[in-house]
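So the structure is just underneath, and the comments pick up after that.
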Amino acid sequence: MIGVISKDSQKPTVEEFFQLFKVPWEFYDKERTYDVIIITDDKVAIPSAKLIVIFNAETTYFDISHGVYIYPSDGAILLENSNLCFPVYQNLAILQSSYVTFVKVKNKEEIVGIEYIDSDQRILRIGYDLFDEIEFLLTKGQSVAFAYIPTVEIHIALLRNWILESGIAVVEIPPLPRGFDFTVCLTHDVDFIGIRDHKLDRSVLGFIFRVLFPPSLRNSQSKILWKRMFKNIKALMSLPAVYAGISRDFWFDIDRYMEMEKDMHSTFFFIPFKNNPGISDNAGNRPPLYRAARYSIEDHKTLIETIVNNGHEIGIHGIDAWYSTERGLQEIQVLRKMTGADALGIRMHWLYFSGDSPKILEEAGFIYDSTLGYNEAVGYLSGATQVFNLSGSSGLLELPLHIMDTALFYRERMGVSEEEALRMCKSLVDNAKAFGGVLTINWHTRSLSPERNWDDFYMELLRLLEAENVWFASAGQAVEWFRKRRSVHFEGVTFLHDRVQIKLHGIDDDTLPAITIRVCLPEDRLHGITDSAELHACCVNIPWSGEACIEHTLPYSNAGVTIRA
0 MIGVISKDSQ KPTVEEFFQL FKVPWEFYDK ERTYDVIIIT DDKVAIPSAK LIVIFNAETT
60 YFDISHGVYI YPSDGAILLE NSNLCFPVYQ NLAILQSSYV TFVKVKNKEE IVGIEYIDSD
120 QRILRIGYDL FDEIEFLLTK GQSVAFAYIP TVEIHIALLR NWILESGIAV VEIPPLPRGF
180 DFTVCLTHDV DFIGIRDHKL DRSVLGFIFR VLFPPSLRNS QSKILWKRMF KNIKALMSLP
240 AVYAGISRDF WFDIDRYMEM EKDMHSTFFF IPFKNNPGIS DNAGNRPPLY RAARYSIEDH
300 KTLIETIVNN GHEIGIHGID AWYSTERGLQ EIQVLRKMTG ADALGIRMHW LYFSGDSPKI
360 LEEAGFIYDS TLGYNEAVGY LSGATQVFNL SGSSGLLELP LHIMDTALFY RERMGVSEEE
420 ALRMCKSLVD NAKAFGGVLT INWHTRSLSP ERNWDDFYME LLRLLEAENV WFASAGQAVE
480 WFRKRRSVHF EGVTFLHDRV QIKLHGIDDD TLPAITIRVC LPEDRLHGIT DSAELHACCV
540 NIPWSGEACI EHTLPYSNAG VTIRA
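Those letters in the sequence shown? Residues 0 to 564, by numbering that gives the first Met the number 0.
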């Protein structure tokens, strides 16, 4: 059991953190005993527990009583512990003491974490505030410079490691459906449906320019693909016939996506209104006219029915919902009338968002958002691979966006080669395998077409993902699985000899993959295991199907320790 002593202002963040690190915990009660106590309040004396973790950038009671000196430093600095490297963004303290160092500034000798052992108690003093960092990441987001680091997940991994190193077992619900290593959400923003909608506007002129002056014709092996050039020229020459309705509209590729993603349950986000770039926001900023879609969703009812009948999901690609509840209600009503679905998710067009958006979107009736990602990078804007609750809302969940085609390939954004793009995507896949959670991909519906020609790369990315043990879920399915996980609460965990008994309650929706209870055992509790790779910590996965109490035999012997949650 983990007890938490935090500042009062941090309580919502503490609660959200332990929805992500799903373990038995509670706010500290002096009448209870704990294996682990986390402290961020600088005025608290050290209570009794096997492991104490003090997170603070200010001078604490421990520092005064143990002769630790504090030197303030700037945030946005990379730290390292063991083989994990991560940034901190808020206040940071450099520590000076004679105790053992275990967290440092990367490539420097500046100390940020020290270890003090007194009899059976281990105290870790760390010069940043964990919950301030989590709040910053989930509300403000991290800079592009550190986009490649899943910082929230690393904070969780570090805490888990420190607990195990202290000889304490960790009981948790990992962020992955039973039987899978992670979840993949394939999503598509429908900014365009057909080139015929556009006549000779800015989008078509841009298409013609890039056909004549292509930014790149190289694939992920850096080979020139002449077939792309011929494909582009052929499309350009067919343009009059397309406008006349004689030839197929080569910007329409939704049917190709449904064929490629037949059993992958992808999500299509449609713009609700034609020729509407959005009205001025509360600050008087008016979007450019070319933000408007040229198609009317009401002309594509059959298409939407086909998408849904093929097992895919429809969501809203919002225009003004990010800052106006009234507008959000208008936008959601369009899709409700067309689909008959009451529960709908949203991703804002051009990823518009503000600090007020969570409350506004929730009031408009959306059940999830999937806007928080980078326009100019791939990676982890919120530092998370997991679905999380948006601050300012009571229950609006955020499915973070990780990979977007235009971020990778637009010259004014990352503008990388396909070879470099594939390397980046593989890195994010590796992170998903390591930490669990969701990998969310946005490939615009026009991106399979000439002159973008990002279809070969996308198929290569799909092959990469299909080779992994993943659950392909729609955005809505992934969010509902995490909602199911969030509903579970530990009532009691008891270790007796070689068994663990776990009492818990929550929603067990059998239409979604099941939940797993994971028990990670520290090295000093294991027996009969000789392989060095397994000796550091053995994780036992226990299936859960909604039982109020489960009991499982563990590969270690314990004299009889009882842990109550």
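Don't be surprised by glycine CBs; every beta carbon is placed ideally from N, CA and C.
CB contact flag (residue i, residue j, <9 Å)
| i | j | result |
| --- | --- | --- |
| Phe135 | Pro449 | no |
| Lys103 | Asn82 | no |
| Ser567 | Glu312 | With the chain covering only 0 through 564, there is no way to say anything about residue 567. |
| Tyr367 | His401 | no |
| Cys519 | Val52 | no |
| Ile116 | Ala92 | no |
| Cys84 | Ser473 | no |
| Leu137 | Ser381 | yes |
Residue i to residue j span [Cα, whole Å]
| i | j | result |
| --- | --- | --- |
| Asp530 | Pro23 | Summary for Asp530: the model assigns pLDDT 42, below 50, so the residue's position carries little reliability, and this model does not support an answer. |
| Ala234 | Arg445 | 13 Å |
| Ser165 | Pro521 | 8 Å |
| Val13 | Pro174 | 18 Å |
| Glu361 | Leu398 | 14 Å |
| Gly310 | Thr552 | 40 Å |
| Leu224 | Val386 | 39 Å |
| Glu533 | Asn540 | With a pLDDT of only 40 at Glu533, under the threshold of 50, the placement of this residue in the model should not be trusted; the figure read from the coordinates follows. Each residue's alpha carbon lies about 15 Å from the other. |
| Leu19 | Lys230 | 47 Å |
| Ile562 | Val99 | Unreliable placement is indicated for Ile562, whose pLDDT of 39 sits below 50; the coordinate value is still reported in the next sentence. Going by the C-alpha atoms only, they are around 29 Å apart. |
| Val492 | Pro176 | 22 Å |
| Phe181 | Ile155 | 17 Å |
| Ser393 | Lys358 | 8 Å |
| Arg209 | Val203 | 10 Å |
| Phe17 | Lys483 | 15 Å |
| Ile528 | Phe130 | Here Ile528 scores only 42 on pLDDT, less than 50, and its place in the model should not be relied on; the value that follows carries that caveat. Rounded to the nearest angstrom, the two C-alpha atoms are 36 Å apart. |
| Gly283 | Phe179 | 47 Å |
| Glu490 | Leu511 | 23 Å |
| Ile113 | Gly126 | 9 Å |
| Phe589 | Asp280 | No answer is possible for residue 589: it lies beyond the span of the chain, which begins at 0 and ends at 564. |
| Met263 | Phe269 | 19 Å |
| Ile278 | Ala291 | 11 Å |
Beta strand (DSSP E) segment containing residue i, residue limits
| i | result |
| --- | --- |
| Trp470 | Val469 to Phe471 |
| His551 | Cys548 to Thr552 |
| Met347 | Gly344 to Met347 |
| Thr515 | Ile514 to Pro521 |
| Asp117 | Ile110 to Asp117 |
| Leu94 | Leu91 to Gln95 |
| Arg121 | Gln120 to Ile125 |
| Tyr68 | Tyr68 to Ser72 |
Beta bridge counterpart(s) of residue i as assigned by DSSP
| i | result |
| --- | --- |
| His187 | Phe267 |
| Val333 | Val333 is not bridged to any residue. |
| Lys107 | Its beta-bridge partners do not exist; DSSP assigns none. |
| Lys273 | Ala292 |
| Thr182 | Val437 and Trp470 |
| Asn388 | Leu396 |
Proximal residues to residue i (C-beta, below 8 Å), its chain only, five neighbours per side dropped
| i | result |
| --- | --- |
| Asp200 | Tyr289 and Arg293 |
| Glu108 | none |
| Phe365 | Ile315, Ala320, Gly327, Ile331, Leu343, Gly344, Ile345 and Leu395 |
| Glu297 | Val333 and Met337 |
| Asp355 | Tyr322 and Gly391 |
| Glu25 | Met0, Ile1, Gly2, Val3, Arg31 and Ala564 |
| Phe249 | Ile194, Ala234, Ser237, Val241, Ser448 and Pro449 |
| His488 | Leu503, His504 and Gly505 |
| Ile441 | Rather than Ile, the amino acid found at residue 441 in this sequence is Asn. Excluding positions up to five away in sequence, the list reads Thr186, His187, Asp188, Arg346, Gly372, Leu400, Ile402, Met403 and Asp404. |
Contact set for residue i: own chain, Cβ-Cβ below 6 Å, skip 5 residues either direction
| i | result |
| --- | --- |
| Ile4 | Tyr27, Ile38, Asp40 and Val43 |
| Ala383 | Val151 and Pro399 |
| Asn452 | Arg227 |
| Lys21 | Glu171 and Ile172 |
Proximal residues to residue i (C-beta, below 7 Å), its chain only, five neighbours per side dropped
| i | result |
| --- | --- |
| Leu460 | Cys424 |
| Phe251 | Ile192 and Gly193 |
| Lys300 | Met337 |
| Ala547 | Lys502 and His504 |
| His535 | Its pLDDT being 44, under 50, His535 is placed unreliably by the model, and the measurement read from it follows with that caveat. If we look at His535 and ignore the five residues flanking it on each side, its Cβ neighbours are Glu522. |
Endpoints, the alpha helix (DSSP H) within which residue i is located
| i | result |
| --- | --- |
| Tyr27 | Premise fails: Tyr27 is in no alpha helix (DSSP H) and is neither H nor E. |
| Phe212 | Looking at the DSSP string, Phe212 is not in any alpha helix (DSSP H), and its letter there is neither H nor E. |
| Gly339 | Careful: Gly339 lies outside any alpha helix (DSSP H) and carries neither H nor E. |
| Lys233 | Trp225 to Met236 |
Residue i: CB within 8 Å of a non-hydrogen atom of the ligand SAH
| i | result |
| --- | --- |
| Ile36 | Only the bare structure without any ligand can be found here, which leaves the ligand SAH out of the picture. |
Residue-level contact to chain B via CB, residue i, 9 Å cutoff
| i | result |
| --- | --- |
| Leu380 | Any reference to chain B falls outside this structure, which holds one protein chain only. |
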